[in-house]
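*Asks:* Quick one: structure below, then a few questions.
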Amino acid sequence: MPLLLLASALLLSCQQAPVRVPVAESAGAYTPPEPRLHRLTEAQLRGALAAVFDVDVTADLPGDTELHGYAVVGGSELTWAPSELEQLEAVAWDLADAWAPDATTAESRLGCDLGGDPLSGEAGEDCIGGFVTELGRRAWRRPLSGDERDRMVDLYSAVRGAERDPALAVQAVLVATVLDPAFLYRVEIGQADPDHPGQRVLTDWELATRLSFFLVDGPPDEALLLAAEQGRLDGPGLRTQAERLLDGAKGQEQLLSFFEQTLDVDRLPLVSKDPDLYPEWDADMVESLRTETREIVRAVLLEDELGMDALLTTDLFWLDQNTMALYGIEGTGLSTGLVEWTDHDRAGILGRGAWLAVNANNSLTSPTHRGKAVRTRLLCQDIPPPPPGVPTIEETDPDASLRDRLEQHMTDPTCAGCHQLMDPIGFGFEHMDAIGAWRKLDGVHPIDATGELDGVTFDGAGDLAWALADHPQLSECTTRQLLRFAKGELETTGEEAAIQELSVLLEEGGSVRELVLEVVASDAFRRLSAPASGICDEALEGRTRPCEAACGEGKETCVAGLWTGCTADPGAPESCNGIDDDCDGSVDQDLIRPCQADWGPGEQVCDDGGWSSCEGPLPPAEICDGVDQDGDGVIDEVPAVWAEVASTAELQAAQPSCDPEGAPDTDTCASSAHRFCNSLGCGSVSGLELIDPVDDLHGLFCLDDTAAVLHVGSYATLSTHHEGCTQGSVYGPACNAAISRYCASIGQVTGYGPVEHSGDAAYIICTPGASTMGTTYSTIVAYDAGCDGSGERMGPHCNQAIHGFCRAQGFATGHGPLENSGDDLAVACIGVAP
Amino acid sequence: MKPLDRRTFLRSVLGGVAASVALPPLEAMLGVNGTAWAGGEELPTRFGVWFWGNGIKPDRWVPSTTGSGWSPSVELDGLAGLTDYVSIASGCEIKTATHPHHSGMTGIMTGRKYYQVGTTRDTIVSTFASQSVDQLAADFYSGQTPFRSLELGVTRFRGTDEGTTFQHLSHNGPNSPNPSEYDPVAVYNRLFGVTTDVRVDLARQSVLDHLGEQVIRLHGRLGHSDQVRLEQHLDGIRTLELQLSAERGACGVPDSVSSWPDVDGQEQIEQQNRTMSELLALALACDLTRAFSVQWSTAGSGVVVWQVGATDSMHSMSHNETGDQPTCHAAIGFAMDNLATFLQTLKDTPEGDGNLLDRCSILCTSELSDGQVHSNDEYPIMIAGRGGGRLRSGVHYRSGSKLNTSHAVLTALRGGGVDAASFGADEGYVTSGIGELEA
């Protein structure tokens with residue numbers, strides 16, 4: 001399970017929000033989403049207007065707002081702004097005026113007589129009625145209801161009657177048709193599914209519309225409308241239509257567009273580069289790179305019908321003078337166009353100029369952007385933004401390589417968590433500069449293109465491409481992105497099961513083309529959940545009934561088989577304002593938000609309309625080294641007993657015979673600890689045993705002159721306090737007891753040592769501020785499993801256990817055992833826990 | 001001599017001029033007191049937002065002197081000739097901040113936290129929780145001018161993966177942005193290219209009535225979130241109806257304008273800014289709108305300010321430039337110079353006994369303070385113009401206690417004559433402005 005382990009490590013470090021780890025999620029049963037209105041994109045609108053007016057529409061149209069990577073997804077969340085409706089209205093009147101400039105032209109277009117006498121309001125209504133029916137089917141992609149038809153004819157009559165101008169009235173009908181929500185949005189209401197209560201399925205008309213906008217980015221053509229009308233969009237009929245659209249020129253174009261958007265290379269025409277550094281970057285180069293991406297995607301995915309893994313490792317290049325110069329490909333006799341060319345470092349579509357240039361800055365490369373693009377676009381793993389108020393760059397050596405500078409930034413734990421997800425991937429592309437040309441050096445620095453992708457190490461973009469092609473989340477992500485693009489909306493959690501099921505196809509080596517057909521045929525493509533409060537009997541059409549929402553009661557109406565338009569107040573998501581926004585009976589409950597505390601990310605909770613202060617990590621403890629660790633403006637203000645860290649080298653410098661990594665609890669290491677602390681300053685007198693080892697670093701507590709008193713004693717004296725503490729025993733339980741009793745005898749409570757000894761002389765440390773406590777091995781073993789009293793009774797594990805025990809009592813640390821007998825032991829606890 | 005009406009005046013002055021707007025004061029057009037047109041109507045007060053992305057270098061932006069007659073800092077040097085028309089509120093803080101760029105953008109424009117429409121992704125794709133401050137003003141002025149509000153853009157970079165907050169300035173509500181127009185020709189055509197025909201206008205009215213009813217019929221068949229979207233759509237139709245019925249025709253048509261395509265892949269920012277400034281001054285002078293917003297660059301913008309020697313995008317530079325960030329600093333100064341161009345254009349446009357800037361209140365701000373650290377305190381806020389006498393201009397107010405930025409926004413909004421009781425919500429909620437900046 002290496003992937004899971006890795007994932008949990010990432011979750012801990014990337015603190016603001018977890019990265020998506022679908023393998024760890026268990027997808028519940030498939031639940032379709034509620035319907036959404038889909039605002040047409042600029043291209044879709046252009047195509048739909050062209051279908052109504054039968055002209056190329058060249059006017060400016062409202063632009064797209066891309067959300068979640070696709071303009072079509074933006075369309076499922078945005079509405080039309082007033083200024084956009086104004087623009088559409090002007091365009092619609094212009095088109096209508098050109099279509100029916102006068103009565104004669106209008107009649108010839110309509111193919112019927114609008115009434116010879118312009119003063120007559122009645123004449124021509126049959127003619128306009130037929131026109132409205134035919135127009136509605138084409139523009140709204142479904143038959144009009146009788147009521148809709150009548151209202152449109154009424155509009156015609158009203159304008160014609162008032163203005164005595166049949167052409168203007170026809171124009172009004174056209175404008176009303178293309179400004180109607182039924183034209184400007186894909187409207188999907190569906191019909192009840194008797195087999196699945198609560199679920200609805202798209203009508204054939206809605207399905208044809210969804211299919212067409214997905215596969216050809218435009219409204220359904222006559223053949224598709226006819227198939228919908230005749231109910232031929234089930235099973236093989238649907239597949240026939242889908243293949244027909246997909247394999248046509250527009251279908252191929254649309255699939256290319258999907259991959260351009262997924263790889264983000266659709267932004268290529270907007271990318272500018274530093275003209276001094278990259279004089280070759282011009283519109284011509286952009287066009288070459290755009291063509292290259294499209295030709296490679298076309299060859300691999302559409303013609304060879306391979307999968308994403310093949311696209312990411314392909315040997316195909318598209319050569320012209322621009323790309324050959326960019327890639328340093330030379331040779332006579334090379335043909336232009338698609339060529340197989342082996343260059344391991346440029347394997348796959350990510351090794352081509354388009355992707356590399358889009359995901360770089362104007363003059364510099366950007367390992368962060370390239371790494372982020374791989375994570376978010378190809379693996380569907382999200383990277384949360386950094387918290388505010390955090391320096392995004394530490395002062396680094398501006399002459400260092402970009403990699404070194406980024407790695408220095410990653411020393412800040414607040415940033416490192418997320419940047420470690422991105423930068424190491426991006427480093428793999430460092431041989432490719434900001435426009436994708438090969439470089440040996442970054443300035444004067446040799447390039448280091450080694451890195452790691454979720455446990456797989458690589459050196460350079462070629463290895464990385466193959467690692468990516470093998471990545472377990474690649475198939476699922478491609479499927480997820482295609483479904484977003486196909487439906488034009490972000491998936492809901494209820495659709496997770498459908499995504500997992502569809503992902504199998506690519507995982508098992510299926511082609512992207514087959515995936516498109518599979519998506520189209522899937523439940524996920526045609527099912528909806530009933531909105532609002534559900535389904536009503538058609539017999540109740542137009543009736544109302546009481547309904548309730550979170551914050552009140554109201555009425556809802558049965559419309560087309562759905563209880564809709566409940567007027568009750570649904571409330572709002574709870575926000576920190578002292579009000580029960582969601583009407584669940586509690587105010588501001590469970591509201592927690594991230595915040596930036598002094599020493600790292602913290603949390604605030606909402607309490608009665610206000611946010612609590614930001615609770616975050618404690619400041620780093622001050623140590624005695626001339627640096628202000630806790631940032632309070634005072635240097636080295638250590639308490640009487642404080643934690644330090646010493647390296648093996650430092651401990652051996654203090655006492656060469658100490659082997660802290662092999663035998664930390666010895667007389668020589670006691671001497672090391674003592675000397676290390678003693679030499680620090682800060683009033684330090686001595687140090688306690690080594691604990692908390694990490695590699696070659698060792699924790700220890702130093703004691704200042706209020707906590708420790710040094711005595712020059714002798715084994716002769718000590719042995720009178722406890723027998724067996726002799727020059728031969730040196731360091732052990734007998735001397736522990738002897739020293740403790742000696743210190744107690746002179747009113748200094750307890751002590752430890754010897755910290756130095758020579759012949760009969762022994763330096764011991766009394767700790768007059770310590771508290772002696774009785775406990776048992778079976779208690780303290782909880783703090784270190786190696787100190788269970790049956791094996792070790794004194795030693796490194798017991799030092800660790802005593803430390804943990806004292807810590808739990810609110811002390812900084814402890815030492816001992818002072819005495820021990822059976823399961824019982826006495827320990828000394830000292831200092832105050834930070 | 002018979003007083004000239006406003007239409008005659010503007011036609012004669014603007015008829016042949018578009019590139020520079022220098023309207024001479026013309027006593028005959030004014031009523032006796034100089035604050036109303038000869039027709040008797042009060043001169044309007046306007047509210048606008050002028051926004052640039054990626055913040056400031058606070059140590060070089062905040063002026064060192066406070067009170068009246070502040071001296072420009074290095075980054076505000078371009079505003080030296082305008083200090084008596086510009087007030088500064090420094091030392092303020094966004095109180096609703098949790099994330100870089102997003103929080104500041106929505107905090108300053110709505111006084112609220114950013115909003116996320118239900119998402120299944122683990123990242124921030126944000127939008128505004130409510131209408132932005134320029135739209136609060138547009139609501140207040142609604143129906144008095146042909147255009148409810150104008151939204152103009154100068155530099156074209158738009159982020160794509162972090163929601164509408166990174167793409168649009170003006171919003172009507174969640175995911176309902178009013179996109180900025182970046183093409184001066186399109187702005188010109190929209191403002192001045194309309195030919196009116198009473199017959200067509202009546203037909204338009206009939207169509208709009210019909211569409212309103214169509215929207216309401218569909219509304220009842222949708223789920224709640226789509227109903228909200230369709231209500232915004234309906235608001236748009238009502239705006240068109242108001243536009244149709246609004247008095248129009250105070251203006252003659254100036255010469256056409258041209259667009260400013262890139263030269264060697266580089267945006268012609270100063271030229272674009274100047275043309276947009278002139279078009280906006282014309283629109284205000286002609287009373288075509290009273291609410292506006294200018295997005296000089298977006299939140300987190302990737303604009304490359306090559307004019308100051310920048311070779312990387314503003315956002316990238318704000319994080320990657322080492323040392324004192326001299327190029328970033330210069331680019332901020334460049335943005336402020338562009339702001340000065342805009343304000344000077346308004347000041348050079350006479351109106352009544354003064355100029356347009358006398359009767360505007362313009363909130364000039366960004367989506368964070370120091371882009372390098374994403375800070376939300378020491379927030380950059382200027383209020384330009386005198387709001388028709390509602391504002392004390394030319395004052396540097398400095399908060400010593402991290403005042404809620406919403407107080408400054410409310411000051412600017414009220415400076416535009418907008419009768420607003422409060423601004424913002426939750427921690428961003430305020431009911432009072434900054435007394436030192438109010439007349």
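For the protein sequence lines, the chains are A and B, in the order given.
Position 115, counted from 1, in the first sequence is what our numbering calls 115; the numbers after and before it change by one each time, with no gaps.
Position 170, counted from 1, in the second sequence is what our numbering calls 170; the numbers after and before it change by one each time, with no gaps.
Ideal Cβ positions, reconstructed from N, Cα and C, are used throughout, including at glycine.
#1: Chain B beta carbons: is any one of them nearer than 8 Å to that of serine 612 of chain A?
#2: When the distance is taken between beta carbons, is phenylalanine 51 of chain B closer than 8 Å to serine 293 of chain B?
#3: Does any CB atom of chain B fall closer than 8 Å to the CB of asparagine 577 of chain A?
#4: Start and end of the alpha helix (DSSP H) containing asparagine 172 of chain B?
#5: Check whether the Cβ of proline 601 of chain A lies closer than 8 Å to any Cβ atom in chain B.
#6: Against chain A, does aspartate 235 of chain B count as a neighbour if the rule is that its beta carbon must be under 8 Å from one of theirs?
#7: Identify whether threonine 544 of chain A lies in helix, strand or coil by the three-state DSSP scheme.
#8: Can you give me the Cβ contacts of alanine 425 of chain B inside the same chain, cut-off strictly under 7 Å, excluding the 5 residues immediately before and after it?
#9: Anything in chain B within Cβ reach of serine 363 of chain A, meaning under 8 Å, just list it in chain order.
#10: Any C-beta of chain A within less than 7 Å: which residues of the stretch 108-135 of chain B qualify?
#11: Between which two residues does the alpha helix (DSSP H) holding tryptophan 563 of chain A run?
#12: With a threshold of 8 Å between beta carbons, is tryptophan 80 of chain A in contact with chain B?
#13: Going straight from the alpha carbon of arginine 448 of chain B to that of aspartate 59 of chain B, what length do you get?
#14: Taking arginine 238 of chain B as the reference, which of A:Cys583, A:Arg593, A:Glu89 and A:Glu501 has the closest Cα?
#15: Out of A:Gly426, A:Pro269 and A:Gly371, state which residue places its alpha-carbon closest to the alpha-carbon of leucine 289 of chain A.
#16: Determine the DSSP secondary structure at isoleucine 434 of chain B, reduced to helix, strand or coil.
#17: Is the beta carbon of histidine 396 of chain B closer than 8 Å to that of proline 63 of chain B?
#18: Just to confirm the assignment, what range does the alpha helix (DSSP H) spanning histidine 797 of chain A have?
#19: Please name the residue, chosen from A:Ala568, A:Ala640 and A:Asp584, that lies closest to glutamate 574 of chain A on a Cα-to-Cα basis.
#20: Mind reading off the beta-carbon distance from leucine 840 of chain A to tryptophan 80 of chain A? Whole number of angstroms is fine, and I expect it under 8 Å.
#21: Do you know how far the Cα of isoleucine 691 of chain A is from the Cα of proline 664 of chain A?
#22: Counting contacts by CB-CB distance shorter than 8 Å, is threonine 165 of chain B in contact with chain A?
#23: Below 9 Å on C-beta distance, what does isoleucine 383 of chain A contact in chain B?
#24: Do isoleucine 780 of chain A and isoleucine 764 of chain A come within 8 Å of each other at the CB atom, strictly closer than that value?
#25: Go through its chain and collect everything with a Cβ distance to glycine 578 of chain A's Cβ below 7 Å, but skip five positions before and after it.
#26: Are any of the Cβ atoms in chain A nearer than 8 Å to that of leucine 279 of chain B?
#27: Determine whether the Cβ of glutamate 838 of chain A lies closer than 8 Å to any Cβ atom of chain B.
#28: Within a Cβ cutoff of 7 Å, which residues of the same chain sit near glutamate 792 of chain A, ignoring the five residues on either side of it in sequence?
#29: Measuring only between beta-carbons, confirm whether alanine 486 of chain A sits less than 8 Å from chain B.
#30: When you compare the CB of glutamine 272 of chain B with every CB in chain A, is at least one pair closer than 8 Å?
#31: Are the Cβ atoms of leucine 483 of chain A and glutamate 491 of chain A separated by less than 8 Å?
#32: Quick check on isoleucine 835 of chain A: buried or exposed, where buried means 16 or more other Cβ atoms within 10 Å of its Cβ?
#33: Alpha carbon to alpha carbon, how far is aspartate 824 of chain A from lysine 440 of chain B? Give it in angstroms, no decimals.
#34: How far does the beta strand (DSSP E) with proline 754 of chain A in it extend, from its first residue to its last?
#35: Tell me the rounded alpha-carbon separation between leucine 334 of chain A and leucine 319 of chain A.
#36: Check whether the Cβ of isoleucine 764 of chain A lies closer than 8 Å to any Cβ atom in chain B.
*Replies:* Based on what the coordinates show:
#1: no
#2: yes
#3: yes
#4: The continuous stretches of alpha helix (DSSP H) do not include asparagine 172 of chain B, and DSSP gives it neither H nor E.
#5: no
#6: yes
#7: strand
#8: Gly111 and Arg112
#9: Those are Thr311 and Asp312, listed as they occur along chain B.
#10: Val117, Thr119, Thr120, Arg121, Asp122, Thr123, Ile124 and Val125
#11: Counting along the chain, tryptophan 563 of chain A falls outside any alpha helix (DSSP H), though it belongs to the beta strand (DSSP E) covering 562-564.
#12: yes
#13: Limits of chain B in this structure are 1 at one end and 439 at the other, which puts residue 448 of chain B out of reach.
#14: Taking arginine 238 of chain B as reference, the option from A:Cys583, A:Arg593, A:Glu89 and A:Glu501 with the minimal CA-CA separation is A:Glu89.
#15: A:Pro269
#16: coil
#17: yes
#18: 796-808
#19: Measuring from the Cα of glutamate 574 of chain A, the nearest candidate turns out to be A:Asp584.
#20: Any answer about residue 840 of chain A is impossible in this case: the structure gives chain A only from 1 up to 834.
#21: 8 Å
#22: no
#23: Asp122 and Thr123
#24: no
#25: Val587, Asp588, Asp608 and Gly609
#26: no
#27: Nothing in the structure corresponds to residue 838 of chain A, since chain A is present only between 1 and 834.
#28: Gly786 and Cys798, listed in sequence order.
#29: Judged by the 8 Å Cβ criterion, alanine 486 of chain A is not in contact with chain B.
#30: no
#31: Taking 8 Å as the cut-off, the beta carbon of leucine 483 of chain A is found closer than this to the beta carbon of glutamate 491 of chain A.
#32: The displayed coordinates of chain A run from 1 to 834. Any statement about residue 835 of chain A would go beyond what the structure contains.
#33: The shown model of chain B, from 1 to 439, leaves out residue 440 of chain B, and the question about it has no answer.
#34: 751-758
#35: 9 Å
#36: no
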